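Enquirer:
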Amino acid sequence: MISTDYTNNNRVKRKIYGIIGAAITLIIPFFLMLNNHNDHLETDQSFCPFKMVTGFPCPGCGITKSLVYFYQGDIYKSLSYHILGPFVIVFCWLTIIILTTEIITKKEYFTGILYNRKLAYNMAYFLAFYHVIRLVLFVRNNSFDDILHQSIWF
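Residue numbers (numbering that gives the first Met the number 0): 0 to 153.
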């Protein structure tokens with residue numbers, strides 16, 4: 000009996016952490032959007048440590064800017080920064096709603112989908128393919144000097 004209660008408490012904690020993480024993912028770009036005067040995010044240094052060091056974008060680069068421009072209503076610019084930006088917003092809202100509902104009703108509705116290994120691998124393959132395409136376009140559209148300017152080394 001004690002181990003069952005402990006397991007249930009851990010599940011509830013994980014769900015609360017998931018809700019907090021999804022909320023933070025939605026809130027930070029919202030505040031960045033409120034402070035995006037004169038569209039300064041367009042030219043500011045990236046927050047990505049990988050891009051700061053190498054000058055090349057990581058697979059997640061552009062998600063924050065994508066969310067900011069989605070909030071501003073510029074869907075084209077949002078998708079141009081990262082094609083998964085709008086999906087992240089939908090996923091975060093669904094996560095908040097589903098996990099809150101699961102905590103309240105004490106039932107699990109989408110465990111099979113959320114912990115599906117095949118779905119996770121397919122999403123990873125898609126992200127890897129998308130990232131390779133982005134890297135090819137990035138190298139094609141930027142000179143070596145441009146890439147150095149996007150790092151902290153120059």
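Just so you know, even glycine gets a beta-carbon here, dropped at the ideal spot from N, CA and C. Keep in mind it's a predicted model, so treat the numbers as computed, not measured.
(1) From the DSSP output, in three-state form, read off cysteine 91 for me.
(2) My output table needs one value for glycine 59: the three-state DSSP class, helix, strand or coil.
(3) Taking buried to mean at least 16 other C-beta atoms within 10 Å of its own C-beta, is serine 77 buried or exposed?
(4) Mark lysine 50 as exposed unless 16 or more other C-beta atoms lie within 10 angstroms of its C-beta, in which case mark it buried.
(5) Give the single residue among Tyr70, Ile95, Ile96 whose Cα lies nearest to the Cα of proline 85.
(6) Thinking C-alpha only, which one of Cys60, Leu98, Phe90, Gln149 is nearest leucine 25?
Expert: So, from the data block:
(1) helix
(2) coil
(3) buried
(4) buried
(5) Tyr70
(6) Phe90
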